[in-house]
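Engineer:
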Amino acid sequence: MANAPTRAILIAGGAGFIGSHLAERLLNDDCRVIIADNFVTGSRQNLEHLASNPNLTVVEANVREPLRLDKALADSVLAEIYNLASPASPKHYQKDPIDTLLTNVLGAHNLLELAAKHGADYFQASTSEVYGDPAVHPQTETYWGNVNPIGIRSCYDEGKRAAETLCFDHARKRGAKVRVGRIFNTYGPRMARDDGRVVSNFIVQALAGTPLTIYGDGKQSRSFQYIDDLVAGILAVMRQGDMGPFNLGNPDEFTMRELADKVLAMTGSKSQIVTEPLPQDDPTRRCPDISKARALGWEPKVALEEGLQKTIEYFRGLV
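With UniProt numbering applied, the sequence shown closes on residue 319, and no number is skipped along the way.
(1) Is DSSP giving A61 helix, strand or coil here?
(2) Drop a sphere of 10 angstroms on the beta-carbon of K20, count the other beta-carbons inside from all chains shown, and report buried for 16 or more, exposed for fewer.
(3) Give the range of the alpha helix (DSSP H) segment to which Y156 is assigned.
(4) Rank S43, A72 and A8 by C-alpha distance to the C-alpha of Y82 and give the top, closest one.
(5) Three-state secondary structure (DSSP) at I81?
(6) Can you find the residues in the same chain that come closer than 7 Å, C-beta to C-beta, to M1, ignoring five residues on each side of it along the sequence?
(7) Can you name the residues that DSSP bridges to F254?
(8) Please report the distance separating the alpha-carbon of P5 from that of I34.
(9) How big is the Cα-Cα spacing for L106 and S271?
(10) For V63 versus A36, is the C-beta spacing smaller than 9 Å?
(11) Alpha carbons only, please: which of N38, D70 and C287 is nearest the one belonging to E60?
(12) Between which two residues does the beta strand (DSSP E) holding D282 run?
(13) Going by the CB atoms, is the gap between P283 and E141 shorter than 9 Å?
(14) In the structure shown, what three-state DSSP assignment does M1 receive?
(15) Closest to I227 by C-alpha separation, out of K173, L10 and A23, would be which residue?
(16) Use the C-beta contact count for K173: other C-beta atoms within 10 angstroms, 16 or more gives buried, fewer gives exposed.
(17) Measure the CB-CB distance between L304 and D252 and report whether it falls below 9 Å.
(18) Tell me the DSSP secondary structure of G307 in three-state form.
(19) Does DSSP put A192 in a helix, in a strand, or in coil?
(20) What distance in whole Å lies between the Cβ atoms of K177 and V130, which are believed to be in contact at a cut-off of 8 Å?
(21) Can you give me the start and stop residues for the alpha helix (DSSP H) that V204 sits inside?
(22) Could you pull out every unbroken alpha helix (DSSP H) segment of at least 4 residues lying fully inside the segment 15-52, listed in chain order?
(23) Going straight from the alpha carbon of N28 to that of H92, what length do you get?
(24) Please list, in chain order, all residues of the same chain as residue 329 whose beta carbon is under 7 Å from its beta carbon, the five residues on each side excluded.
(25) Restricting to Cα atoms, I'd like to know which of R179, N53 and K95 is closest to T41.
(26) Measure the beta-carbon distance from C167 to Q124 and round it to whole angstroms, keeping in mind my assumption that it falls under 8 Å.
(27) To the nearest angstrom, how far is it from the Cα of I203 to the Cα of R153?
(28) Which class does F315 belong to by DSSP, given the choice of helix, strand or coil?
(29) With a Cβ-Cβ cutoff of 9 Å, do C287 and Q139 count as a contact?
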């Protein structure tokens, strides 16, 4: 019988949408995975299909406090830390903006300290939101952004920007082995029904036969990345030597109206489209330049129609 893996990998926020997919991929690669989550936006249901895997340990914890992992690690060595611990949709991160900001800043601080203690490599899940409502298009990693520091989205935007600052200061001052990935709009199975982001909103509304809600005139654009592509991108960034930051997103750009029309056609829904005012500080355009990530040998492979079909099938199964 093969020995259990001795290298352990920590995923903070591992019960969330992205974290659970990353955990699944690492477990399939025979890694030992420790998930730390406070289950505020993460879900135990996301981990049910992994529960019988002997290489998975789940710890209920809040990254705002230093993690105690001695028991979870046992005889293993903590080799990698992935920090995905934060509410990620406006609906959720605006619910308690103070907690969101502190989770991002204190969470990064505590996990970077943990990485230093164990000599672990560290991945920071940052976000395209660091670019704010960009005045440069498409966005490159050298662009410093156009963020409102006192707006209703700033708890998340500035929290992630501060987390990036901590990563690079730890690298400069302490030699920390950090990687930073700026994640653009991602979708796929295990998004929550009440996630509040546009792909899940449109699919849930279409399947229920209720109106699809477009904010503003529907001409604002996003670039949509399927979850499997993102996981591959995260691992590509983590397993090389450049700190980054790296844009991780799909450069194919679609307007909100185009996305709504695709969802209606693919679901066969007769739902109408209604409009509401655009929320404060909502970006009008968002599209990544992924030249740096492509140089690592990574780029998205899943077309929007293919990814939407898989996501629609997932949500049909929840009805």
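In this text, a Cβ means the ideal position worked out from N, Cα and C, and glycines have one as well.
Quick caveat, the model's predicted, so the values are computed rather than measured.
Structural biologist: In short:
(1) coil
(2) At residue 20 the sequence reads Ser, which differs from the Lys that was named. It counts as buried.
(3) S154 to R174
(4) A8
(5) strand
(6) For M1, the predicted structure reports a pLDDT of 41, less than 50, and the residue's modelled location is therefore unreliable. The matter cannot be settled from this model.
(7) R222
(8) Below a pLDDT of 50, predicted positions are generally treated as unreliable, and P5, at 48, falls in that range; the measurement from the model is reported next regardless. Approximately 12 Å, taken between the alpha carbons.
(9) 43 Å
(10) yes
(11) N38
(12) Note, D282: premise wrong, no beta strand (DSSP E); not H, not E.
(13) no
(14) Its pLDDT being 41, under 50, M1 is placed unreliably by the model, and nothing is read from it.
(15) A23
(16) exposed
(17) yes
(18) helix
(19) coil
(20) That belief does not hold up - the Cβ atoms of V130 and K177 are roughly 21 Å apart, past 8 Å.
(21) V198 to A208
(22) 17-28
(23) 30 Å
(24) The displayed coordinates of the chain run from 1 to 319. Any statement about residue 329 would go beyond what the structure contains.
(25) K95
(26) 5 Å
(27) 24 Å
(28) helix
(29) yes
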